[in-house]
Amino acid sequence: MARVLLISTYEQGHQPLSIAAPAAALTAAGHKVSAFDLAVESVSSDRLHAASVAADLIGISTPMHTAARLGIRIARQLTGMSDKVVFYGHAASSLHDLGLGRAISGDTDLQLVGLAGGEDASHVPLFDRELRPVPNRSILPPLEQYARYRDVSGGSHVAGYVEATRGCAHRCTHCPLTPIYAGRLRLNGADTVLADIDQQVLAGAEHITFGDPDFLNAPGLAMDLLRETSGQHPGTTFDTTIKVEHLIEHQELLPEMAELGVTFITSAFESIDDRLLEILDKGHTADDLDLVLQHTERAGIALRPTWLPFTPWTTPAHFRDLLRFVETRKLVDVTPPVQLGLRLLVPSDSPLVDPMREMGSLTTYDRDGLTWNWRHEDARMDDLQGEIAGLAERQATFAQIKDAACRRLEVEPWPDVAAPHVHRPGLTEDWFC
Ligand code: SF4
-10 MARVLLISTY EQGHQPLSIA APAAALTAAG HKVSAFDLAV ESVSSDRLHA ASVAADLIGI
50 STPMHTAARL GIRIARQLTG MSDKVVFYGH AASSLHDLGL GRAISGDTDL QLVGLAGGED
110 ASHVPLFDRE LRPVPNRSIL PPLEQYARYR DVSGGSHVAG YVEATRGCAH RCTHCPLTPI
170 YAGRLRLNGA DTVLADIDQQ VLAGAEHITF GDPDFLNAPG LAMDLLRETS GQHPGTTFDT
230 TIKVEHLIEH QELLPEMAEL GVTFITSAFE SIDDRLLEIL DKGHTADDLD LVLQHTERAG
290 IALRPTWLPF TPWTTPAHFR DLLRFVETRK LVDVTPPVQL GLRLLVPSDS PLVDPMREMG
350 SLTTYDRDGL TWNWRHEDAR MDDLQGEIAG LAERQATFAQ IKDAACRRLE VEPWPDVAAP
410 HVHRPGLTED WFC
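In the working numbering, the protein residues as written are -10 to 422.
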């Protein structure tokens, strides 16, 4: 039996499934698991050090870029323990040559079980089709300590989080899943997911986030889970992430989803520039954005688009048009300022490295930042991105961002569009990738 310490630094505001799922697999294999969720727990360096010394294996969860950067800081505190540190998760692949520990990606639960049992690790992503035990949430802080769900009247509710699938059937070129999964999708098993929902409802959850990269990658499973949960736990609400292409392809499902309790959907709009959407291989066009806004509105589901506003391909005109789109479609209240200052991340294994190198925009690789640095051919765009990121940190309003963009890009401000005074459902924490 090995003693395994699992550490999460950030999981977008929800109780970390990236701890609960491997904890269950490790416990089922006879190992002893403890965990820290540093996003909500205050853990002194002495306590972290003592727990790490006592562990045979230290897993640092890196499900996305922000968590990986925070994970590096934690690993640097564990001096002399790199031989038992393992980074695991989607963003781990960039970490294997930092000398801070091993790194595994893909379906990592069973790889962690292997490591705890003394097997070697490979940093090449591994996949399996085995069903998992029900995640062990008892070793984590209670759901009350995590992001809550806000309903249309502003009421606040405890929220839970599950994933019905692993990986993604698509290959968007900017997505960290693409180099790992390359279009592969694995189902987590309906019984396991339903049991995980049950235990979170029992723990007080009134809202469940289906955090799958794309909920309609497996529409049959998705609808079965919604129907079953809605029957078992009437009144529970849900949110999901669904790509534009699927919202169009499966538009007939939206009214039933709303009836079953789906109150909002997050969708990666990314850009209103068709050329960029093609480079990113998003499978949708700018015209599709209005279509899905109409479909979801008709179904009574709030849509929360996400954006990728700064890339080497984004022209000043495209950025201006993106702001106009947000304003004219009355999306300002569902667009956190931080979204408008985001800059394309380019991990070392990104499919965008070669085209960006060819166009001369890549500069140096930032080992700690885990991304290639790049510059726009129009220096005003880089300056504007820096200014908007700074404004977002200071909780600036949309109007301030619009002013900054018009000033830097020397364009006439367009007339303000009055927004409706409504409260749209959402979670209390804006997340970062
Ligand atoms: S659909 Fe979403 S999760 Fe899937 S590859 Fe594209 S960006 Fe990534």
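Glycine included, each C-beta is placed from N, C-alpha and C at the ideal position. What you are looking at is a predicted structure, and each value in this text was computed from that prediction instead of being measured.
Heavy atom of ligand 1 within 8 angstroms of residue i beta-carbon
i: Leu312; result: no
Collapsed DSSP secondary structure at residue i in the structure displayed
i: Ile61; result: helix
i: Ile237; result: helix
i: Glu259; result: strand
i: Ala385; result: coil
i: Arg118; result: coil
i: Tyr135; result: coil
i: Gly209; result: helix
i: Ser318; result: Checking the sequence, you will find Arg at residue 318 rather than Ser. Arg318: coil per DSSP, three-state reduction.
i: Thr(-2); result: coil
i: Pro294; result: strand
i: Val190; result: helix
i: Leu37; result: helix
i: His196; result: strand
i: Leu304; result: This sequence places Thr at residue 304; Leu is not what is there. Of the three classes helix, strand and coil, the one that applies to Thr304 here is coil, per DSSP.
i: Val281; result: helix
i: Gly149; result: strand
i: Ala171; result: coil
i: Val251; result: strand
i: Lys271; result: coil
i: Arg216; result: helix
i: Lys73; result: helix
i: Lys232; result: coil
i: Ile8; result: helix
i: Leu334; result: coil
i: Leu27; result: coil
i: Arg369; result: helix
Residue from the options whose Cα sits closest to the Cα of residue i
i: His307; options: Arg264, Pro340, Gly272; result: Arg264
i: Pro114; options: Ala408, Gly78, Tyr138, Gly375; result: Gly78
i: Asp201; options: Lys232, Ser219, Gly193; result: Lys232
i: Gly415; options: Leu37, Ala44, Gly2, Pro301; result: Gly2
i: Thr304; options: Thr353, Cys164, Arg364; result: Arg364
i: Ala247; options: Ser219, Glu267, Ser260, Ile268; result: Ser219
i: Trp361; options: Leu373, Glu376, Asp343, His273; result: Asp343
i: Ala153; options: Pro165, Leu129, Ile186, His163; result: Ile186
i: Glu119; options: Thr255, Ala14, Leu311; result: Ala14
i: Tyr135; options: Val141, Ser111, Lys73, Gln4; result: Gln4
i: Arg356; options: Glu30, Val32, Ser33, Leu84; result: Leu84
i: Arg397; options: Ala407, Trp403, Ala368; result: Ala368
i: Pro208; options: Phe227, Ala184, Leu243; result: Leu243
i: Glu108; options: Asp45, Asp419, Met348; result: Asp45
i: Ile377; options: Pro340, Pro168, Pro298; result: Pro298
i: Thr252; options: Arg313, Thr229, Thr51; result: Thr229
i: Asp338; options: Thr167, Val22, Asp203; result: Thr167
i: Arg413; options: Thr51, Ile254, Arg216; result: Ile254
Buried versus exposed, by CB contacts within 10 Å (16 or more), residue i
i: Val147; result: buried
i: Thr417; result: exposed
i: Arg121; result: buried
i: His54; result: buried
i: Met345; result: buried
i: Asn206; result: buried
i: Leu191; result: exposed
i: Thr100; result: The sequence shown places Gln at residue 100, rather than the Thr named in the question. Buried, because 16 or more other Cβ atoms sit within 10 Å of the Cβ of Gln100.
i: Ser260; result: buried
i: Met(-10); result: exposed
i: Ala43; result: exposed
i: Pro11; result: buried
i: His427; result: The structure shown does not extend to residue 427, since the chain is modelled only from -10 to 422, so the question has no answer here.
i: Glu238; result: exposed
i: Ala28; result: buried
i: Asp98; result: buried
i: Leu96; result: One detail in the question is off: residue 96 reads as Asp in this sequence, not Leu. So Asp96 counts as buried.
i: Met370; result: buried
i: Gln511; result: Residue 511 lies beyond the residue range present for the chain, which begins at -10 and ends at 422; the question has no answer from this structure.
Closer than 9 angstroms to chain D by CB, residue i
i: Thr181; result: The displayed structure is made up of one protein chain only, and chain D is not part of it.
Distance cut-off 8 angstroms: residue i Cβ against heavy atoms of ligand 3
i: Leu311; result: Ligand 3 is not part of this structure, which contains only ligand 1.
Next item on the list: Measuring from each Cβ to the nearest heavy atom of ligand 1, keep the ones under 6 angstroms and list them in chain order.
Entry: Cys157, His159, Arg160, Cys161, Cys164, Leu166, Thr167, Pro202, Asp203, Lys232, Ala257
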